[in-house]
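Shown next, in structure tokens, is the structure this report addresses.
There are 2 protein chains.
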Amino acid sequence: MAATRSSEQELAALVAIPSVSGDPAHRADMRRAARWIADRLAFANGRVVESDGHPVVLGELHASRDAPTILVYGHYDVQPAGDASAWETPPFEPTVRDGRLYGRGATDDKGPVVVALETARAFAGAPPLNVRFLIEGEEEIGSPSLPTFLEAHRDELAADLVVSADGAMWRAGEPSIAVAAKGLVALDLVVAGPSTDLHSGRHGGAVQNPNHALAAIVASLHRADGSVAVDGFYDDVMPVELPAIAFDEHAYRAETGVSELHGEPGYTTLERLWTRPTLEVNELRGGGAYTVIPREARAHVTCRLVPEQSPARVVEAIERHVVAPPGVSVRIEPRPGAVPAYAIDPGHAAVRAAQQALRSVYPEHEPLLVRIGGTLPAAVLFERILGVKTLLFSFSTADENLHAPNEFFRLARLDEGIAAWTELWRLLSGGRAA
Amino acid sequence: MAATRSSEQELAALVAIPSVSGDPAHRADMRRAARWIADRLAFANGRVVESDGHPVVLGELHASRDAPTILVYGHYDVQPAGDASAWETPPFEPTVRDGRLYGRGATDDKGPVVVALETARAFAGAPPLNVRFLIEGEEEIGSPSLPTFLEAHRDELAADLVVSADGAMWRAGEPSIAVAAKGLVALDLVVAGPSTDLHSGRHGGAVQNPNHALAAIVASLHRADGSVAVDGFYDDVMPVELPAIAFDEHAYRAETGVSELHGEPGYTTLERLWTRPTLEVNELRGGGAYTVIPREARAHVTCRLVPEQSPARVVEAIERHVVAPPGVSVRIEPRPGAVPAYAIDPGHAAVRAAQQALRSVYPEHEPLLVRIGGTLPAAVLFERILGVKTLLFSFSTADENLHAPNEFFRLARLDEGIAAWTELWRLLSGGRAA
Chain G
0 MAATRSSEQE LAALVAIPSV SGDPAHRADM RRAARWIADR LAFANGRVVE
50 SDGHPVVLGE LHASRDAPTI LVYGHYDVQP AGDASAWETP PFEPTVRDGR
100 LYGRGATDDK GPVVVALETA RAFAGAPPLN VRFLIEGEEE IGSPSLPTFL
150 EAHRDELAAD LVVSADGAMW RAGEPSIAVA AKGLVALDLV VAGPSTDLHS
200 GRHGGAVQNP NHALAAIVAS LHRADGSVAV DGFYDDVMPV ELPAIAFDEH
250 AYRAETGVSE LHGEPGYTTL ERLWTRPTLE VNELRGGGAY TVIPREARAH
300 VTCRLVPEQS PARVVEAIER HVVAPPGVSV RIEPRPGAVP AYAIDPGHAA
350 VRAAQQALRS VYPEHEPLLV RIGGTLPAAV LFERILGVKT LLFSFSTADE
400 NLHAPNEFFR LARLDEGIAA WTELWRLLSG GRAA
Chain C
0 MAATRSSEQE LAALVAIPSV SGDPAHRADM RRAARWIADR LAFANGRVVE
50 SDGHPVVLGE LHASRDAPTI LVYGHYDVQP AGDASAWETP PFEPTVRDGR
100 LYGRGATDDK GPVVVALETA RAFAGAPPLN VRFLIEGEEE IGSPSLPTFL
150 EAHRDELAAD LVVSADGAMW RAGEPSIAVA AKGLVALDLV VAGPSTDLHS
200 GRHGGAVQNP NHALAAIVAS LHRADGSVAV DGFYDDVMPV ELPAIAFDEH
250 AYRAETGVSE LHGEPGYTTL ERLWTRPTLE VNELRGGGAY TVIPREARAH
300 VTCRLVPEQS PARVVEAIER HVVAPPGVSV RIEPRPGAVP AYAIDPGHAA
350 VRAAQQALRS VYPEHEPLLV RIGGTLPAAV LFERILGVKT LLFSFSTADE
400 NLHAPNEFFR LARLDEGIAA WTELWRLLSG GRAA
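Protein chains in written order, with numbering that gives the first Met the number 0: chain G, 0 to 433; chain C, 0 to 433.
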């Protein structure tokens, strides 16, 4: 592996580009980051390709017509840095402390992307399988241009498997492969009452207050025990047998800072997080801290779904459940972008290859098959449009302050990741373990 | 009455001064409005007196040591104009249309203040009773400096009765005198859960969501029938027998724009508005329209109280009622500025004199004794600090867009008001009706 620069230097150079997809002020930085990645893939015909939004980087390495083809997925865009004062060092000045590289995007998703690029560079002369690259720039804003892009480039992107550098490992000390991620459906509950805001002194007690009506509706969505009270919500949910995985509830309470855990009875915390659908009210909003009966109050609701659930059926169940109290009307506004759950069979050959690759790098830990409470829209799109499964093989870890101040990436994961990806490619090519 | 300018011209000049007490940008305008009023009371030793906040205008007209003394109360400050585009003509360019003068503060409280000033000017040479003036500049921000000001000027302000130019008549066609106003106590309900905002995908279903807990608590404050479910809330409430007053529920539904009225069972809408205490949740606030379980959710609550209720006891009842669901804590933060209800005996001599004065101006309508769902902190302060009752004798009408765009004052009310105030002063002085 004849590197002109170390993988750490590469990562620092990429993190230094503030490629914030959600901020129009960073349009030029987005293009600069895409160009940077395309340059790193010069040996693989790396190129910046326009999309309806931020550009996409494509590339390909050819092995042979008989070899399988993988599509490597990652993203070069990052979340906004947020409150600058909360960062110990500036978000776009990558800084190494205690074996970690700090900076916005270090772990989501630039560290894992550098792992993939460095693996490709190591193999550039003689790849054991055909590799295509798709590094997008809109993951942090919901990949709005990706479906159209995949449709338009379907042939160029055809592959037997997607290997994703996105998606994080569960815990630092325990190598893991995620085999399922929940779906997502979002909606707003809107309660409309008087035609204008009313003075709560002049009119209080005589008209239904939309805040009261909204609270009653929201309170009706769950039972006191934490289960979802919407009739039909659990109808399509299949039982899932989790492998035996140690979970420290005390540590989890400490991590979240709650006095006690709370959720659907009859399930462990890990089962609630990984295998059970949820309904969370993310926002309550109505009126203000003055003497008003507001004309409207609203709640933003997201449900996380398991594989058998249909987003549309879940919305229908909520619509049937919600009844307007007297004197107000209620409407349900579905939000765009519903995503079904994603799952790959734990016995899939790619999962088995990934387990073997992880064992070769972490021989002292048997890799865990885990699940993700969050959502992976890209994996769902690859399945729907390209007809291929996605293997999540990221070397990010869930504790590395994704989307938060002081995001970091453990530098040891660069070499570990490159070694594991190298082994994975060999295994997927049909070659024997090195 | 040798007026150099008509009362309409006087009102227009006062409305043209943007005396917004809540906006520091209008400090100079506040002083200009106070000076304007003091100038109008030049014959009564009118003067601008400093307070801890915006200045107060004082003045006095002496009749004789044996005559009774009244203290005339009003305010020269106004609400902010709000959304300028919602005004048909600019808020501080007084404009007459259809016998109404439009402009911010026209009815709250500058029209009624001009009535009082013009009455005083008519009597300037020979008042039938001793008159003191207190026109404050902080009514629209809760009169924060008034208690201290009253304490400091107790002797100067001593009187047998306060006659207030503030407080509106109930309806345009029906002369009325308000004999009671509800009290007010405000508090925030704060639900605290995780130590930071959590990702609702990663943590949903395993921890109590403060939005859910807040909704359950808020929903528990009322029964489905609209009554307050807080144990002890109605304990001190005495039954009130309202005089027979026609109330058009259909018109009220149209005015408020609700599909049906809703409130405590067993009471008419007028009884709910005037005689029953209320608990209204003015604000719900928690999280945002993204995938978050917020660390905190809060509600702003105001209760309107009837005379027998103690603000402190009502807060205690709510504190006893509120129970934290598992996994979150709840605290109740009382807001400053609790005000008990105010009432004057409908048989009080001042009320009888006011009725007689109204009959002299509106001989075809028997004056109604009404109640106010809102709160009159000044009347409560005058009773507590100066030991005197307040007669509400305003010629504002409740439909004149107080605190809203296109506020107006019916110009006919100027002459009617001056005639009624003149008659009232004669009657209060012990003189016979003119």
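Don't be surprised by glycine CBs; every beta carbon is placed ideally from N, CA and C.
The model shown is predicted, which means the values in this text are computed figures rather than measured ones.
- How many Å lie between residue 245 of chain C and residue 251 of chain C at the Cα? For the purposes of this step, residue 245 of chain C is identified with residue 246 of the second sequence, where counting begins at 1. For the purposes of this step, residue 251 of chain C is identified with residue 252 of the second sequence, where counting begins at 1. The straight-line gap from Cα to Cα measures roughly 12 Å.
- Message: Taking 8 Å as the threshold (C-beta atoms), are residue 137 of chain G and residue 20 of chain G in contact?
- Response: The sequence position of residue 20 of chain G within the first sequence is 21, counting from 1. The sequence position of residue 137 of chain G within the first sequence is 138, counting from 1. Their beta carbons are under 8 Å apart, which means residue 20 of chain G touches residue 137 of chain G by this criterion.
- Query: What residues of chain C sit near residue 261 of chain G, judged by a beta carbon separation below 7 Å?
  - Reply: The residue given as residue 261 of chain G occupies position 262 in the first sequence. Those are 206, 207, 325, 326, listed as they occur along chain C.
- Item | Cut-off 7 Å between Cβ atoms - residues of its own chain near residue 356 of chain C, not counting five sequence neighbours on either side | Stepping through the second sequence from its first residue, residue 356 of chain C is reached at position 357. Excluding positions up to five away in sequence, the list reads 419, 422, 423, 426.
- Query: Which value, in whole angstroms, describes the spacing of the CA atoms of residue 47 of chain G and residue 56 of chain G?
  - Reply: Numbered from 1 along the first sequence, position 48 holds the residue referred to as residue 47 of chain G. Numbered from 1 along the first sequence, position 57 holds the residue referred to as residue 56 of chain G. Distance between the alpha carbons of residue 47 of chain G and residue 56 of chain G: 5 Å.
- Query: Cβ atoms of residue 160 of chain C and residue 316 of chain C: under 8 Å apart, would you say?
  - Reply: Here residue 316 of chain C is taken as the residue at index 317 of the second sequence, counted from 1. Here residue 160 of chain C is taken as the residue at index 161 of the second sequence, counted from 1. Contact flag unset, no.
- Would residue 8 of chain C be called buried (16 or more neighbouring beta carbons within 10 Å of its own) or exposed? Position 9 of the second sequence, counted from the start, is the residue given in the question as residue 8 of chain C. Residue 8 of chain C comes out exposed.
- Message: Could you check whether residue 211 of chain C and residue 436 of chain G sit closer than 8 Å to each other, using their CB atoms as the reference points?
- Response: Residue 436 of chain G lies beyond the residue range present for chain G, which begins at 0 and ends at 433; the question has no answer from this structure.
- Query: At what residue ranges does the segment 265–305 of chain G contain a whole run of the beta strand (DSSP E), taking only runs of 3 or more?
  - Reply: 277–286, 295–304
- In chain order, what residues of the segment 251–283 of chain G put their CB closer than 7 Å to some CB of chain C? 255, 256, 257, 258, 259, 260, 261, 262, 263, 268, 271, 272, 275, 277, 279, 280, 281, 282, 283
- Item | 8 Å Cβ cutoff met for residue 72 of chain C and residue 288 of chain C | If you number the second sequence from 1, residue 72 of chain C lands on position 73. If you number the second sequence from 1, residue 288 of chain C lands on position 289. Taking 8 Å as the Cβ cut-off, residue 72 of chain C and residue 288 of chain C do not qualify as a contacting pair.
- Task: Identify which residue in C:205, C:113, C:127, C:35 has its Cα closest to the Cα of residue 10 of chain C.
- Result: One-based indexing of the second sequence puts residue 10 of chain C at position 11. Answer by Cα proximity: C:113.
- Excluding five sequence neighbours on each side, which residues of the same chain lie with their C-beta closer than 8 Å to the C-beta of residue 276 of chain C? Along the second sequence, read from residue 1 onward, the residue named residue 276 of chain C stands at position 277. Once the five neighbours on either side are set aside, the close Cβ partners of residue 276 of chain C are 181, 227, 232, 233, 236, 302, 303, 304, 305, 308, 313.
- State buried or exposed for residue 51 of chain G, treating a residue as buried only when at least 16 other CB atoms are found within 10 Å of its CB. Reading the first sequence from its first residue, position 52 is the one you call residue 51 of chain G. With a threshold of 16 other beta carbon atoms within 10 Å, residue 51 of chain G falls short and is exposed.
- Query: Exposed or buried, which one is residue 322 of chain G when buried takes at least 16 other CB atoms within 10 Å?
  - Reply: Your numbering for residue 322 of chain G matches position 323 in the first sequence. Label assigned to residue 322 of chain G: exposed.
- Task: Determine which residues share a DSSP beta bridge with residue 168 of chain G and list them.
- Result: If you number the first sequence from 1, residue 168 of chain G lands on position 169. Residue 168 of chain G pairs with G:396.
- Using a beta-carbon distance below 8 Å, is residue 320 of chain G in contact with chain C? Numbered from its first residue, the first sequence carries residue 320 of chain G at position 321. It does not; no Cβ of chain C falls within 8 Å.
- Query: In terms of alpha-carbon separation, which member of G:407, G:396, G:404, G:391 lies closest to residue 178 of chain G?
  - Reply: Along the first sequence, one-based indexing puts residue 178 of chain G at 179. When only C-alpha atoms are compared, the closest one is G:391.
- Message: Whole angstroms are fine: how far does the CA of residue 28 of chain G sit from the CA of residue 295 of chain G?
- Response: Your numbering for residue 295 of chain G matches position 296 in the first sequence. Your numbering for residue 28 of chain G matches position 29 in the first sequence. Their backbone Cα atoms lie some 41 Å apart in a straight line.
- Do residue 118 of chain C and residue 406 of chain C have their CB atoms nearer than 8 Å? Counting from 1 along the second sequence, the entry for residue 118 of chain C is found at position 119. Counting from 1 along the second sequence, the entry for residue 406 of chain C is found at position 407. If you check the CB distance, residue 118 of chain C and residue 406 of chain C do not come in under 8 Å.
- Message: Suppose you measure from the CA of residue 410 of chain C to the CA of residue 98 of chain C; what does that come to, to the nearest Å?
- Response: Working through the second sequence from its first residue, we reach residue 410 of chain C at position 411. Working through the second sequence from its first residue, we reach residue 98 of chain C at position 99. Using only the alpha carbons, I get a separation of about 6 Å.
- Message: Between the alpha carbons of residue 183 of chain C and residue 310 of chain C, how many angstroms are there, rounded?
- Response: The residue given as residue 183 of chain C occupies position 184 in the second sequence. The residue given as residue 310 of chain C occupies position 311 in the second sequence. Spanning the two alpha carbons is a distance of roughly 7 Å.
- Message: At 4 residues or longer, what runs of the alpha helix (DSSP H) sit wholly inside the segment 10–53 of chain G?
- Response: 26–39
- Select from G:205, G:329, G:264 the residue whose C-alpha is nearest the C-alpha of residue 268 of chain C. Within the second sequence, numbered from 1, the residue matching residue 268 of chain C stands at position 269. If we check each option's Cα against that of residue 268 of chain C, G:205 comes out closest.
- Message: Using a Cβ distance threshold of 8 Å, determine whether the segment 128–147 of chain C contacts the segment 60–75 of chain C, with at least three qualifying pairs required.
- Response: By the Cβ rule, the segment 128–147 of chain C counts as touching the segment 60–75 of chain C, because three or more pairs are nearer than 8 Å.
- Query: Three-state secondary structure (DSSP) at residue 139 of chain G?
  - Reply: Taking the first sequence and counting its residues from 1, one reaches residue 139 of chain G at position 140. Under the three-state reduction of DSSP output, residue 139 of chain G falls in the helix class.
- Task: Take the Cβ of residue 253 of chain G as the centre, count every other Cβ of all protein chains shown within 10 Å, and call the residue buried at 16 or more, exposed below.
- Result: Locating residue 253 of chain G in the first sequence gives position 254, counting from the first residue. Exposed is the call here.
- Beta-carbon contacts of residue 126 of chain G that lie in its chain and below 6 Å, excluding the five residues immediately before and after: As a first step, residue 126 of chain G must be located in the first sequence, where it is residue number 127. Cβ neighbours of residue 126 of chain G beyond the five flanking positions: 60, 62.
- residue 39 of chain G, buried or exposed, once every other Cβ within 10 Å from all chains shown has been counted against 16: Sequence index remark: in the first sequence, residue 39 of chain G carries index 40 (1-based). It is buried - the Cβ of residue 39 of chain G has at least 16 other Cβ atoms within 10 Å.
- Query: Cβ of residue 438 of chain C less than 8 Å from any chain G Cβ?
  - Reply: In the structure as shown, chain C starts at 0 and stops at 433, and residue 438 of chain C therefore has no counterpart that could be examined.
- Run through DSSP, which three-state label would residue 200 of chain G get? As a first step, residue 200 of chain G is located in the first sequence; it is residue number 201 there, counting from the start. If DSSP states are grouped into helix, strand and coil, residue 200 of chain G belongs with the helices.
- Item | residue 248 of chain G (DSSP reduced to helix, strand or coil) | The residue labelled residue 248 of chain G in the question sits at position 249 within the first sequence. Note: residue 248 of chain G maps to helix in three-state DSSP.
- Query: According to a CB-to-CB cut-off of less than 8 Å, which residues of the segment 28–57 of chain C neighbour chain G?
  - Reply: none
- Task: Please state if the CB of residue 291 of chain G and the CB of residue 281 of chain C are separated by a distance shorter than 8 Å.
- Result: To locate residue 281 of chain C, count along the second sequence from 1; it is residue 282. To locate residue 291 of chain G, count along the first sequence from 1; it is residue 292. Cβ distance < 8 Å, so residue 281 of chain C and residue 291 of chain G count as in contact.
- Item | Partner residues on chain C for residue 289 of chain G, Cβ-Cβ distance less than 7 Å | Position 290 of the first sequence holds residue 289 of chain G. Here the neighbours are 281.
- Give the straight-line distance between the Cα atoms of residue 141 of chain C and residue 109 of chain C, rounded to the nearest whole angstrom. One-based indexing of the second sequence puts residue 141 of chain C at position 142. One-based indexing of the second sequence puts residue 109 of chain C at position 110. Cα to Cα, the separation comes out at about 17 Å.
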